[in-house]
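Below is one structure, written out as C-alpha cells; comments come after it.
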Amino acid sequence: MPTALPHRTEHIKAVGNVLATVLRPVKPSNLFIYGKTGTGKTAVCRYVFNRLSSAVAEKGFDIRFVYINCRLAGTEYRVLSELCAAAGVAVPFTGVSKGELFRRFQTAASRLNSSFVVCLDEVDALVKAFGDDLLYELTRSSIGSGWVSLVGISNDLLFKEQLDPRVLSSLSEEEVVFQPYTATELADILRERARAALRPGAVGEDVVRLCAALAAAEHGDARRAIDLLRVSAEVAEREGAERIEEQHVRRAQSLIEKGRVKEVISSLPLHSRLVLLAVYMVSRKSSETTSGTLYNTYREYCVSLGLDPLTDRRVSTLVSELDMLGIVACDLVSYGRHGRTRRIKPTIPFDEVVEILGKDEALSQFLDGLS
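If you count by the UniProt record's numbering, then the sequence shown holds residues 1 to 371, one letter each, in order.
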C-alpha cells in the first residue's frame, strides 16, 4: 500500500472520525463506504486501520482490525474462517457448518475479551452469491463484553437495494461516498508513483497528463491510471526506448483493454455469458436489440444446453451488471402509448467476443463458423 494517499485527506478524516471511538474504547457505528473501482476506498480503509491499530495497542486495548476481501474469500465459510483466525481459532478448510464456525468465533472472542472492527471489502459479491444472513448475524453478534463493528465497502451504489431492511438499518449507520478522481488528481498520483518507480527523465509531463486524462475519462480510476503508466513503461523498455512516449501509452492502452475484456468475460457466471452471447448474436441480425428479443434468444440457448432459463426479471438484472462492466451499453426507449423498452448495444468488437466465448466448451457450439 502507498505511504501517502494524495487527494484523500478528507476521506481519511471521514472514515477516521467514525472509527475513532475505539480510542475511548467505545464501539464505532457500522460504516458503509461506496465508490467506483479505483477511487481509493480500500487504500483509505487499510490506512485508517493501520493507524488506529497502532493507537489502540499503545493504549493497551485488545481491539483487532480485520480486513477481508469477500470476492477473494469467495464463500461465507472462508469469511468466517478469517474471522476465526483473527480470534486465534484454527479451523479446517471444510467440514464445519457455518453456524458452528460463527459459534467458535464468538466463544473465542468472549474468552479473549476482545473486540473487532471488520472490513468486508467487495461485500456486494458475498451478498449477491449467498444473501445477507451473515451480515445480519454479524451486526447483532454478542461476544461477551466485546463487540463487532463492521465496515462494508462496495463498488455498487445500488447495493443497498438488495439488503433486508433489518440489515440495512444496522449496516448503514454511517456512510462515506468516494467520488472518482479528476484528471488533475490522477496526474498528481502518477507523478508520485513515477518518482518512486521510474528512473529520472524516463517519463515526461505530457505522458503523465495523457495517462491521467485517459483514466479520468474512464470513471477516474487511479488503478487504471497506474496500470497504464506501468504497462507504457514496459512497452517502452521492450522497444529499447529511453523515454516513455505517447505511442507507448497508446499501445499500452490497447493491451490493457484487451486483457481487461478477456478477464471480465471469462470470469462471468454461465448465465451471464449466455446473456452476453445473446446480445451479440441478436445485434448481428438486427439493428436494434430489445429486452424481448434478447430474452427469447437467451431462452433458446438455455433449452439447447438443457438449462432452466432464469426469469426475464433476473436476466434484466444480469444485463444491468454487464452494462456496469462496460461490455454492453443500455438505454431506455419510449414508444409513447406502446410503452417503453430497454435497448441493448454491444460495446466490444464481435470477433473479440467470439474469440473469448469460443473457448467456452458449453458456448462454442453456438459460435461455430463465426468470426
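For each residue, glycine too, the CB sits at the ideal point set by N, CA and C.
Legend entry - Whole beta strand (DSSP E) elements within the UniProt domain "AAA+ ATPase" (27–182), 3-residue minimum: Runs of the beta strand (DSSP E) lying entirely within the UniProt domain "AAA+ ATPase" (27–182), each at least 3 residues long, are 31–35, 63–69, 115–121, 148–154, 174–178 in chain order.
Inset, instruction - Measure the CB-CB distance between L228 and V249 and report whether it falls below 9 Å. - result: For the purposes of this step, residue 228 is taken as the residue at position 228 of the sequence shown. For the purposes of this step, residue 249 is taken as the residue at position 249 of the sequence shown. Closer than 9 Å, so yes.
Inset, instruction - Can you give me the start and stop residues for the alpha helix (DSSP H) that T9 sits inside? - result: Locating residue 9 in the sequence shown gives position 9, where the first residue counts as 1. For T9, the enclosing alpha helix (DSSP H) has its first and last residue at 9–19.
Inset, instruction - Identify which residue in A43, F102, T107, S114 has its Cα closest to the Cα of D133. - result: Start at 1 with the first residue of the sequence shown, and residue 133 comes out as number 133. Nearest C-alpha to D133: F102.
Legend entry - Cβ-based neighbour list, residue 391, same chain, cut-off 7 Å, excluding 5 preceding and 5 following: This structure leaves residue 391 out entirely; the chain is present only between 1 and 371.
Legend entry - K359 in three-state terms, based on DSSP: Here residue 359 refers to the residue found at position 359 of the sequence shown. The answer is coil: DSSP assigns K359 none of H, G, I, E or B.
Inset, instruction - Closer than 6 Å by C-beta to S232: which residues in its own chain qualify, once you throw out the five before and the five after it? Chain order, please. - result: For this step, residue 232 is matched to residue 232 along the sequence shown. The residues are I244, H248, V249, A252.
Inset, instruction - For S266, collect the residues of the same chain with a Cβ closer than 7 Å to its Cβ; drop the 5 residues on either side in sequence, then sort them by chain order. - result: Sequence index remark: in the sequence shown, residue 266 carries index 266 (1-based). Within the same chain, S266 has close Cβ partners I356.
Inset, instruction - Please report how far the alpha carbon of Q179 lies from the alpha carbon of G35, in whole angstroms. - result: Start at 1 with the first residue of the sequence shown, and residue 179 comes out as number 179. Start at 1 with the first residue of the sequence shown, and residue 35 comes out as number 35. Inter-residue distance for Q179 and G35 is about 6 Å (C-alpha atoms, whole angstroms).
Legend entry - Whole-angstrom distance between S97 and F32, CA atom to CA atom: As a working mapping, residue 32 is identified with position 32 in the sequence shown. As a working mapping, residue 97 is identified with position 97 in the sequence shown. If I take the Cα positions, the gap works out to 28 Å.
Inset, instruction - Report yes or no: do the segment 58–72 and the segment 182–202 share at least 3 C-beta pairs separated by less than 8 Å? - result: With the cut-off at 8 Å, the segment 58–72 and the segment 182–202 do not touch.
Inset, instruction - Confirm, please, whether the CB-CB distance from L5 to G38 is below 9 Å. - result: Sequence index remark: in the sequence shown, residue 38 carries index 38 (1-based). Sequence index remark: in the sequence shown, residue 5 carries index 5 (1-based). No, the Cβ-Cβ distance between G38 and L5 is not below 9 Å.
Legend entry - CB contact flag (L276, L322, <9 Å): Translated into positions along the sequence shown, residue 276 becomes position 276. Translated into positions along the sequence shown, residue 322 becomes position 322. Yes, Cβ-Cβ distance for L276 and L322 is below 9 Å.
Inset, instruction - Have a look at A197 and V203 and give me their C-alpha separation to the nearest angstrom. - result: What you label residue 197 is simply residue 197 of the sequence shown in a count that begins at 1. What you label residue 203 is simply residue 203 of the sequence shown in a count that begins at 1. Taking the straight line from one Cα to the other gives about 11 Å.
Legend entry - Collapsed DSSP secondary structure at R343 in the structure displayed: As a position in the sequence shown, residue 343 is number 343, starting the count at 1. In the three-state DSSP reduction, R343 falls in the strand class (E or B).
Legend entry - Own chain residues within Cβ distance below 8 Å of D164, not counting five before or after: Locating residue 164 in the sequence shown gives position 164, where the first residue counts as 1. Here the set comprises D132, Y136.
Legend entry - Inter-stretch contact (C-beta, 8 Å, three-pair minimum) for the segment 56–64 and the segment 167–187: Cβ pair count under 8 Å is below three, so no.
Inset, instruction - Determine the closest residue to E76 out of L52, A129, G88, with distance taken between C-alpha atoms. - result: The residue labelled residue 76 in the question sits at position 76 within the sequence shown. Residue A129 is the option with its Cα nearest to E76.
Inset, instruction - Find out if the Cβ-Cβ distance for the pair V117, L23 is shorter than 9 Å. - result: Reading the sequence shown from its first residue, position 117 is the one you call residue 117. Reading the sequence shown from its first residue, position 23 is the one you call residue 23. Their beta carbons are not under 9 Å apart, which means V117 does not touch L23 by this criterion.
Legend entry - Any 3 or more C-beta pairs closer than 8 Å across the segment 102–112 and the segment 80–87: The answer is yes - the segment 80–87 touches the segment 102–112, with three or more Cβ pairs under 8 Å.
Inset, instruction - Find the nearest neighbour of A57 within the set S29, V79, P25, judged by alpha-carbon distance. - result: Counted from its first residue, the sequence shown places residue 57 at position 57. P25 is the residue among S29, V79, P25 whose C-alpha sits nearest the C-alpha of A57.
Inset, instruction - On the DSSP bridge assignment, give the partners of D331 in chain order. - result: For the purposes of this step, residue 331 is identified with residue 331 of the sequence shown, where counting begins at 1. BP columns for D331 point to R343.
Inset, instruction - Quick one: give me the first and last residue of the alpha helix (DSSP H) that D227 is part of. - result: Here residue 227 refers to the residue found at position 227 of the sequence shown. Start and end: 222–238.
Legend entry - Pairwise C-alpha distance: E246 and E239: The residue given as residue 239 occupies position 239 in the sequence shown. The residue given as residue 246 occupies position 246 in the sequence shown. Cα to Cα, the separation comes out at about 13 Å.
Legend entry - Coarse secondary structure for T289, derived from DSSP in three states: As a position in the sequence shown, residue 289 is number 289, starting the count at 1. Under the three-state reduction of DSSP output, T289 falls in the strand class.
Legend entry - Under 9 Å between C-beta atoms of L171 and L150: In the sequence shown, the residue the question calls residue 171 occupies position 171. In the sequence shown, the residue the question calls residue 150 occupies position 150. Yes. Within cutoff.
Legend entry - Residues near G220 by beta carbon distance below 6 Å, same chain, minus five either side: Position 220 of the sequence shown, counting from 1, holds the residue named residue 220. These residues qualify, in order along the chain: P180, Y181.
Inset, instruction - Determine the contact status of P346 and V353, defining contact as a CB-CB distance below 9 Å. - result: Within the sequence shown, numbered from 1, the residue matching residue 346 stands at position 346. Within the sequence shown, numbered from 1, the residue matching residue 353 stands at position 353. Taking C-beta atoms as the reference points, P346 and V353 count as a pair closer than 9 Å.
Inset, instruction - In the DSSP assignment, find the unbroken alpha helix (DSSP H) run with T317 in it and report its ends. - result: Stepping through the sequence shown from its first residue, residue 317 is reached at position 317. Per DSSP, T317 belongs to the alpha helix (DSSP H) from 312–325.
Inset, instruction - Report the rounded CA-to-CA distance for S154 versus I68, giving the unit in angstroms. - result: Against the sequence shown, residue 154 aligns to sequence position 154. Against the sequence shown, residue 68 aligns to sequence position 68. Per the coordinates, the alpha-carbon of S154 lies some 13 Å from the alpha-carbon of I68.
Legend entry - Pair within 9 Å by beta-carbon distance, L325 and V264: As a working mapping, residue 325 is identified with position 325 in the sequence shown. As a working mapping, residue 264 is identified with position 264 in the sequence shown. Going by beta carbons, L325 and V264 fall inside the 9 Å limit.
Legend entry - Sequence-distant residues of its chain with Cβ nearer than 8 Å to R166 (five each side left out): One-based indexing of the sequence shown puts residue 166 at position 166. Only Y136 meet the Cβ criterion.
Legend entry - Coarse secondary structure for I348, derived from DSSP in three states: For this step, residue 348 is matched to residue 348 along the sequence shown. If DSSP states are grouped into helix, strand and coil, I348 belongs with coil.
Legend entry - Residue from C302, G201, K160 with nearest C-alpha to S272: Residue numbering aside, residue 272 sits at position 272 when the sequence shown is read from its first letter. Closest option to S272, Cα to Cα, is C302.
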